[in-house]
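K.L.:
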Amino acid sequence: MIRTPQPNPKAPLSPLLVRVGLPLFILAAAFLLASHLMETRPKAEKRPRTSLPPLVRWEETQLSDHPVTVTAMGTVRASSQIDLKARVGGQVEWLAPALVPGGRFKKGDVLVKLDKADLDISLALAGAKVQQARADLSLEQGSQEVARKELALMETTMGHRVKDQSLALRLPQLKIAEANLALAEADLDKALLDLARSEIRAPFDGIVLARSASMGTLVTEGQTVATLASDAVWWVEATLPVSNLAWLRIQKDNNGQASRARILPRSGGTFQGQLLQVLGDLNDTSRMARVLIEVADPMEQAAATGAPPLLLNSYVTAELEGTPLRGIIALPDRALRDGNEVWVADGETLRIRTVRIAWREGATVFTDRGLSPGERVILSDLSSPADGMKIRTGEKKPPAAR
Numbered sequence: 001m002i003r004t005p006q007p008n009p010k011a012p013l014s015p016l017l018v019r020v021g022l023p024l025f026i027l028a029a030a031f032l033l034a035s036h037l038m039e040t041r042p043k044a045e046k047r048p049r050t051s052l053p054p055l056v057r058w059e060e061t062q063l064s065d066h067p068v069t070v071t072a073m074g075t076v077r078a079s080s081q082i083d084l085k086a087r088v089g090g091q092v093e094w095l096a097p098a099l100v101p102g103g104r105f106k107k108g109d110v111l112v113k114l115d116k117a118d119l120d121i122s123l124a125l126a127g128a129k130v131q132q133a134r135a136d137l138s139l140e141q142g143s144q145e146v147a148r149k150e151l152a153l154m155e156t157t158m159g160h161r162v163k164d165q166s167l168a169l170r171l172p173q174l175k176i177a178e179a180n181l182a183l184a185e186a187d188l189d190k191a192l193l194d195l196a197r198s199e200i201r202a203p204f205d206g207i208v209l210a211r212s213a214s215m216g217t218l219v220t221e222g223q224t225v226a227t228l229a230s231d232a233v234w235w236v237e238a239t240l241p242v243s244n245l246a247w248l249r250i251q252k253d254n255n256g257q258a259s260r261a262r263i264l265p266r267s268g269g270t271f272q273g274q275l276l277q278v279l280g281d282l283n284d285t286s287r288m289a290r291v292l293i294e295v296a297d298p299m300e301q302a303a304a305t306g307a308p309p310l311l312l313n314s315y316v317t318a319e320l321e322g323t324p325l326r327g328i329i330a331l332p333d334r335a336l337r338d339g340n341e342v343w344v345a346d347g348e349t350l351r352i353r354t355v356r357i358a359w360r361e362g363a364t365v366f367t368d369r370g371l372s373p374g375e376r377v378i379l380s381d382l383s384s385p386a387d388g389m390k391i392r393t394g395e396k397k398p399p400a401a402r
């Protein structure tokens with residue numbers, strides 16, 4: 001009889017069972033332990049949440065005075081510009097070295113000389129006519145003496161006075177001789193003047209803008225030989241917003257001083273000027289106001305400072321001195337809300353104020369209505385501001401240098 005072997009209950013566990021079962025047992029034990037700890041942990045007491053008012057930065061207002069500078073953009077123009085014309089005709093025989101575009105000259109300098117040959121002849125002829133007229137007058141004056149004697153003899157012989165004595169005394173002939181002398185002398189003066197005008201001189205100190213004549217050119221009376229501009233005074237025609245005119249001062253009848261101006265060319269340097277006039281029309285393109293600024297002695301100013309010269313037709317910036325602000329409150333522009341409102345810290349409460357902006361300059365605004373000195377203007381941004389909301393005020397923000 002065959003016997004089947006029976007398993008031995010005391011035989012050791014297989015290695016596979018140990019490798020699988022042991023980790024499962026450890027995981028189950030850890031899970032039970034964690035569950036027990038979660039069940040027995042202490043409970044945190046829930047406290048009600050409190051919200052604090054927003055903390056804001058602020059700046060205290062104070063009264064101050066501030067100068068006003070009105071900025072304008074403009075173009076440099078000549079205050080006096082002429083076409084220099086020949087007063088007599090002739091051929092150009094000499095040109096001044098300064099008679100080139102950009103050349104500078106003084107009043108009375110000879111710029112052009114014309115050929116004088118024809119004028120010398122005219123002068124000689126005029127002189128000869130004067131001598132002839134004087135001789136004719138002397139002869140007629142001699143005839144006058146003879147006529148007086150003859151008239152006296154005639155009246156003695158006739159025994160009565162001649163009624164019309166002017167013809168007998170040759171008075172018409174005398175007047176003709178005197179008139180001929182005056183005419184000859186006038187012709188002589190004209191010849192002398194024409195001779196002097198053969199040298200064309202500068203009528204003022206200035207600069208040459210253009211030359212129209214060259215050596216050997218035959219010019220006629222009234223022909224332009226050069227275009228000149230005076231450099232004693234130059235003008236700046238500038239434009240600015242119409243609203244800024246109220247800040248400017250214009251001299252009227254020597255009462256008060258007009259606004260001074262600083263002219264800043266793009267080439268560098270600074271030139272001093274003065275507001276001369278507000279022009280009577282607006283700029284056609286920009287619809288801005290137009291003003292005229294006077295710059296005296298621009299060449300001397302450039303030489304004194306070593307700056308590049310102020311050039312005609314150049315674009316410049318003009319800084320005009322306006323009426324200063326008195327008793328004004330200055331604020332950084334970030335303090336403005338919705339254009340003309342500010343937030344004021346009234347204790348720990350926010351108040352919304354409407355202010356009037358008197359002037360703006362860079363990042364600073366100046367208000368003359370709506371705030372009092374010593375009030376705290378809020379500079380911090382708030383997400384949902386409302387008049388009367390609670391706030392917390394932090395330390396005062398030191399005022400920025402303006």
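FYI, in full-length UniProt numbering the residues of the sequence shown are 1 to 402. For glycine and all other residues, C-beta sits at the position ideal for the given N, C-alpha and C.
Is residue 285 closer than 7 Å to residue 330 when the C-beta atoms are compared?
P.N.:
The count along the sequence shown starts at 1 and reaches residue 330 at position 330. The count along the sequence shown starts at 1 and reaches residue 285 at position 285. Cβ atoms of residue 330 and residue 285: not closer than 7 Å.
K.L.:
When the Cβ atoms of the segment 262-270 are set against those of the segment 195-215, are three or more pairs found closer than 8 Å?
P.N.:
With a cut-off of 8 Å, the segment 195-215 and the segment 262-270 do not count as touching, because too few Cβ pairs lie within range.
K.L.:
Looking at the structure shown, is residue 229 part of a helix, part of a strand, or coil, going by DSSP?
P.N.:
As a position in the sequence shown, residue 229 is number 229, starting the count at 1. In this structure, residue 229 counts as strand in the three-state DSSP scheme.
K.L.:
If you check the beta carbons only, do residue 288 and residue 92 fall under 7 Å apart?
P.N.:
As a position in the sequence shown, residue 288 is number 288, starting the count at 1. As a position in the sequence shown, residue 92 is number 92, starting the count at 1. In this structure, residue 92 does not lie closer than 7 Å to residue 288 by Cβ.
K.L.:
Between the Cα of residue 112 and the Cα atoms of 103, 326, 136, 86, which residue gives the shortest distance?
P.N.:
Translated into the one-based positions of the sequence shown, residue 112 becomes position 112. Minimum Cα distance to residue 112 is reached at 86.
K.L.:
In whole angstroms, what is the alpha-carbon distance linking residue 317 and residue 70?
P.N.:
Translated into positions along the sequence shown, residue 317 becomes position 317. Translated into positions along the sequence shown, residue 70 becomes position 70. Their Cα atoms are separated by approximately 10 Å.
K.L.:
Taking the C-alpha atoms as reference points, what is the distance between residue 263 and residue 281?
P.N.:
Locating residue 263 in the sequence shown gives position 263, counting from the first residue. Locating residue 281 in the sequence shown gives position 281, counting from the first residue. Going by the C-alpha atoms only, they are around 22 Å apart.
K.L.:
In the DSSP assignment, what residue or residues form a beta bridge with residue 367?
P.N.:
Position 367 of the sequence shown, counting from 1, holds the residue named residue 367. According to DSSP, which records beta bridges pairwise, residue 367 is partnered with 329, 357.
K.L.:
Is the CB-CB distance between residue 208 and residue 97 below 7 Å?
P.N.:
The residue you call residue 208 lines up with position 208 of the sequence shown. The residue you call residue 97 lines up with position 97 of the sequence shown. Not closer than 7 Å, so no.
K.L.:
Secondary structure at residue 3, three-state DSSP: helix, strand or coil?
P.N.:
As a working mapping, residue 3 is identified with position 3 in the sequence shown. For residue 3, the predicted model reports a pLDDT of 49, less than 50, meaning its position is unreliable; a value from the coordinates is still stated below. If DSSP states are grouped into helix, strand and coil, residue 3 belongs with coil.
K.L.:
Under the rule that 16 or more other beta-carbon atoms within 10 Å means buried, what is residue 374, buried or exposed?
P.N.:
Position 374 of the sequence shown holds residue 374. Label assigned to residue 374: exposed.
K.L.:
In terms of DSSP beta bridges, what is residue 261 paired with?
P.N.:
Locating residue 261 in the sequence shown gives position 261, counting from the first residue. Answer is 273, 320, bridged to residue 261.
K.L.:
With a 10 Å radius around its C-beta and 16 neighbouring C-beta atoms as the bar for buried, classify residue 301 as buried or exposed.
P.N.:
As a working mapping, residue 301 is identified with position 301 in the sequence shown. With 16 or more other Cβ atoms within 10 Å, it is buried.
K.L.:
Where does the unbroken beta strand (DSSP E) through residue 207 begin, and where does it stop?
P.N.:
Along the sequence shown, read from residue 1 onward, the residue named residue 207 stands at position 207. Segment 206-211, the beta strand (DSSP E) holding residue 207.
K.L.:
List the DSSP bridge partners of residue 105.
P.N.:
Residue mapping note: residue 105 aligns to position 105 of the sequence shown, counting from 1. Residue 105 pairs with 206.
K.L.:
With DSSP collapsed to three states, give me the class of residue 118.
P.N.:
Position 118 of the sequence shown, counting from 1, holds the residue named residue 118. Here residue 118 sits in helix by DSSP.
K.L.:
Rounded to whole angstroms, what's the CA-CA distance from residue 383 to residue 28? Just pull it up for me.
P.N.:
As a working mapping, residue 383 is identified with position 383 in the sequence shown. As a working mapping, residue 28 is identified with position 28 in the sequence shown. Rounded to whole angstroms, residue 383 to residue 28 spans 54 Å at the Cα level.
K.L.:
Opposite residue 288 in the DSSP bridges: which residues?
P.N.:
In the sequence shown, residue 288 corresponds to position 288, counting from 1. Paired residue(s): none; residue 288 is not in a bridge.
K.L.:
Between which two residues does the alpha helix (DSSP H) containing residue 194 stretch?
P.N.:
The residue labelled residue 194 in the question sits at position 194 within the sequence shown. Note, residue 194: alpha helix (DSSP H), 171-197.
K.L.:
Pick helix, strand or coil for residue 96, following the three-state DSSP scheme.
P.N.:
Mapped onto the sequence shown, residue 96 falls at position 96. DSSP places residue 96 in coil when its eight states are reduced to three.
K.L.:
Using the DSSP secondary-structure output, state which residues sit across from residue 64 in a beta bridge.
P.N.:
To locate residue 64, count along the sequence shown from 1; it is residue 64. Paired residue(s): 328.
K.L.:
Run through DSSP, which three-state label would residue 405 get?
P.N.:
With the chain covering only 1 through 402, there is no way to say anything about residue 405.
K.L.:
Using the C-alpha atoms, what's the distance from residue 181 back to residue 173?
P.N.:
Stepping through the sequence shown from its first residue, residue 173 is reached at position 173. Stepping through the sequence shown from its first residue, residue 181 is reached at position 181. Approximately 12 Å between the Cα atoms of the pair.
K.L.:
Could you pull the DSSP bridge partners for residue 78 from this structure?
P.N.:
Here residue 78 corresponds to residue number 78 of the sequence shown, with the count starting at 1. Per DSSP, 234.
K.L.:
If contact is defined by three or more beta carbon pairs under 8 Å, each pair taking one atom from either stretch, is the segment 53-61 in contact with the segment 387-394?
P.N.:
Flag = yes, the segment 387-394 and the segment 53-61 touch.
K.L.:
Start and end of the alpha helix (DSSP H) containing residue 300?
P.N.:
Mapped onto the sequence shown, residue 300 falls at position 300. Residue 300 -> alpha helix (DSSP H) spans 298-305.
K.L.:
Could you give the DSSP three-state label for residue 217: helix, strand or coil?
P.N.:
To locate residue 217, count along the sequence shown from 1; it is residue 217. DSSP places residue 217 in coil when its eight states are reduced to three.
K.L.:
Inspect the CB distances between the segment 61-77 and the segment 225-238 and report whether three or more fall short of 8 Å.
P.N.:
Yes: the two stretches touch, three or more of their Cβ pairs being nearer than 8 Å.
K.L.:
With a CB to CB cut of under 7 Å and the five nearest residues on each side skipped, what residues in its chain are close to residue 243?
P.N.:
By 1-based counting over the sequence shown, the position of residue 243 is 243. None.
K.L.:
So what's residue 70 in DSSP terms, helix, strand or just coil?
P.N.:
Taking the sequence shown and counting its residues from 1, one reaches residue 70 at position 70. Note: residue 70 maps to strand in three-state DSSP.
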